[in-house]
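Contents: one structure, followed by commentary.
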Amino acid sequence: MRTIPELPTDPIASAALELARSTESESVLNHSVRSYLWAVLLAEHENVTSDADYDPVLLFAATVMHDLGVGSRASGQQRFEIEGADLAAELLVAHAVSNNDVDRVWEAIAIHTSPGIAERRGLLAYLTREGIGIDFGRQADIVRNQQQAIHAHYPRLAMVRSLVDAIVEHAARSEAAAPRYSIPGELLHERRQHGVTRMEQAAAQSPWGD
Amino acid sequence: MSSPTHRIDLPDSELARAAKQFVYDVSPAFVAHHSLRSYLFGRELAAAKGLQPDVDYDDELVFLSCMLHDLGVTEHGNGDQRFEVDGADVSARFLREHGVPEARVSTVWQAIALHTSVGLAHRFGAEQAITHLGIGADIVGNDKHLLPSGYADHVHAAWPRHDLGYALAELIADQVQANPQKGPPLTFPGHLHQLMYPVTPTVTWFEVVGAAGWNDRPRASTTTP
Numbered sequence: 062m063r064t065i066p067e068l069p070t071d072p073i074a075s076a077a078l079e080l081a082r083s084t085e086s087e088s089v090l091n092h093s094v095r096s097y098l099w100a101v102l103l104a105e106h107e108n109v110t111s112d113a114d115y116d117p118v119l120l121f122a123a124t125v126m127h128d129l130g131v132g133s134r135a136s137g138q139q140r141f142e143i144e145g146a147d148l149a150a151e152l153l154v155a156h157a158v159s160n161n162d163v164d165r166v167w168e169a170i171a172i173h174t175s176p177g178i179a180e181r182r183g184l185l186a187y188l189t190r191e192g193i194g195i196d197f198g199r200q201a202d203i204v205r206n207q208q209q210a211i212h213a214h215y216p217r218l219a220m221v222r223s224l225v226d227a228i229v230e231h232a233a234r235s236e237a238a239a240p241r242y243s244i245p246g247e248l249l250h251e252r253r254q255h256g257v258t259r260m261e262q263a264a265a266q267s268p269w270g271d
Numbered sequence: 418m419s420s421p422t423h424r425i426d427l428p429d430s431e432l433a434r435a436a437k438q439f440v441y442d443v444s445p446a447f448v449a450h451h452s453l454r455s456y457l458f459g460r461e462l463a464a465a466k467g468l469q470p471d472v473d474y475d476d477e478l479v480f481l482s483c484m485l486h487d488l489g490v491t492e493h494g495n496g497d498q499r500f501e502v503d504g505a506d507v508s509a510r511f512l513r514e515h516g517v518p519e520a521r522v523s524t525v526w527q528a529i530a531l532h533t534s535v536g537l538a539h540r541f542g543a544e545q546a547i548t549h550l551g552i553g554a555d556i557v558g559n560d561k562h563l564l565p566s567g568y569a570d571h572v573h574a575a576w577p578r579h580d581l582g583y584a585l586a587e588l589i590a591d592q593v594q595a596n597p598q599k600g601p602p603l604t605f606p607g608h609l610h611q612l613m614y615p616v617t618p619t620v621t622w623f624e625v626v627g628a629a630g631w632n633d634r635p636r637a638s639t640t641t642p
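Sequences listed follow chains A and B, in order.
Quick note: the first sequence uses the working numbering, first residue 62, plus one each step.
Quick note: the second sequence uses the working numbering, first residue 418, plus one each step.
Structure (structure tokens):
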């Protein structure tokens, strides 16, 4: 029995993985790859892998590049979700991906921290947000048979704390990067006010621990 | 830069008139007035930034997005999702019933669903951006220094505010109180709920000591919260 899904190997997927690998911490990179694997398992669980708009390469692009905005290529002049979406779109355009597909990946990344909205913007945006959500311990039941193998291949390395650190560092660079009532704005505010954030507190209760 | 327009006329298409009528029929006056002002302020701020209606953006789509954007706070539009998305769905249904093509419905849906998403909405297209500008100006005064002198007074005289910021916060917080899934953490509706319905703090040690009846008093060096 196959334990974990394979990663796509076409040139777009390889370039996306290489961009994430070369600009993100290992912890954030592993989080991004796991998010893809969880998203595939969720798609299989919901029987949507034969839907016309299910595309594993675009799903890989969106999940693996969703945190480019906290990596070394992001400038901190806009929200990290937008800077990541722009960097991802730039890579896809360079690989001659169609405008429509570039827009879908851009949107999936731009709204991946928007609960109640991302789930309504089509299969790609839905699977991207929910795949990331599983890495925070939501819907953990769905992946219980594969989670050990996946975590062994791609260890967590204190994912939540590392990611919150990176988001806060990015958000602190400009007012536009950290508006109120957004994930980056609220995490920055909570870090400054209390030291610890609700996202980190919630992680302590998650099935993955961090 | 283009010059300010001072206009207070509204788009006059049958669809635009129907949308305005619909909003006034199902909304409290403070919501309907806010929606209408958001369009006027959006158009004026767009002009101040050099953007012309029906050249740089679709004027009717901005009007529809602004006019319909708060249907989610009305009883008519309230459902099980965050109010922005409930409002986007009710608006999309209204537009489809009036034969509006799907691409135009989609723009309005996005503009409404993202209208509280600061730092995202302005990147989704001209109509979404101008809708966000207008709503932001009316609700929290964003860019109001760019409005022509006296324009806001003129608009407020015709369509009064009725303490909008507080009235809207109450409606949204009450919806979340009745159905917590409407206010996910770290979102605008979630914040309003937290503000209007603060969690009662647990009893502190000093309250226990104070209730003991032994008249213990804080020492000079004790900092009480």
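Here a beta-carbon is modelled for each residue, glycine too, at the ideal position from N, C-alpha and C.
Bear in mind the structure is a predicted one, so any value in this text is a computation, not a measurement.
- Examine the Cβ distances between the stretch 164-177 of chain A and the stretch 104-124 of chain A and report whether three or more of them are shorter than 8 Å. yes
- Buried or exposed for ALA628(B), please, with buried defined as at least 16 other CB atoms from any protein chain shown within 10 angstroms of its CB. exposed
- How far does the alpha helix (DSSP H) with PRO72(A) in it reach, from first residue to last? 72-84
- Item | Supposed close pair GLY567(B), LEU462(B) - CB separation, criterion 8 Å | Between LEU462(B) and GLY567(B) the Cβ distance is about 16 Å, and since that is not below 8 Å, they are no contact.
- Query: Mind checking VAL479(B): buried by the 16 CB within 10 Å criterion, or exposed?
  - Reply: buried
- Message: Would LEU249(A) and ALA227(A) qualify as a contact pair, given that the criterion is a beta-carbon distance under 7 Å?
- Response: no
- Compare the C-beta of GLY130(A) with all C-beta atoms of chain E and state if any pair is closer than 7 Å. The question asks about chain E, but that chain is absent: this structure's protein chains are A and B.
- Message: Assuming GLN209(A) is part of the alpha helix (DSSP H), what are its boundary residues?
- Response: 208-214
- On the three-state DSSP scale, how would you describe PRO117(A)? helix
- For GLY183(A) and chain B, any beta-carbon pair shorter than 7 Å? no
- Query: How should THR189(A) be labelled, buried or exposed, when 16 other C-beta atoms within 10 angstroms of its C-beta is the threshold for buried?
  - Reply: buried
- Which residues in chain A sit within 9 Å of THR533(B), going by Cβ to Cβ distance? TYR242
- Do HIS92(A) and ASP196(A) have their CB atoms nearer than 7 Å? yes
- Task: For my contact list, GLY536(B) and ILE143(A) are in at a C-beta cut-off of 8 Å; report their separation, rounded to the angstrom.
- Result: 7 Å
- Task: Compare the Cα-Cα distances from GLY145(A) to each of ASP114(A), PRO69(A), LEU184(A), ALA81(A) and report the closest residue.
- Result: ALA81(A)
- Over what stretch of residues does the alpha helix (DSSP H) that includes ASN91(A) continue unbroken? 87-106
- Item | Residues within the stretch 517-546 of chain B neighbouring chain A, beta-carbon criterion of under 9 Å | TRP526, GLN527, ALA530, LEU531, THR533, SER534, VAL535, GLY536, LEU537, ARG540, PHE541
- Could you give the distance in angstroms between the alpha-carbon of HIS532(B) and the alpha-carbon of TRP526(B)? 10 Å
- Item | chain A residues whose Cβ lies nearer than 7 Å to that of HIS608(B) | TYR242
- Of all the CB atoms in chain B, is at least one closer than 7 Å to the CB of ILE195(A)? no
- Message: Counting C-beta neighbours from all protein chains within 10 Å, is the total for LEU78(A) 16 or more, i.e. buried, or is it exposed?
- Response: buried
- Item | Helix, strand or coil at TYR456(B) according to DSSP, with G and I counted as helix | helix
- Query: So, does the CB of ARG499(B) fall closer than 7 Å to a CB anywhere in chain A?
  - Reply: yes
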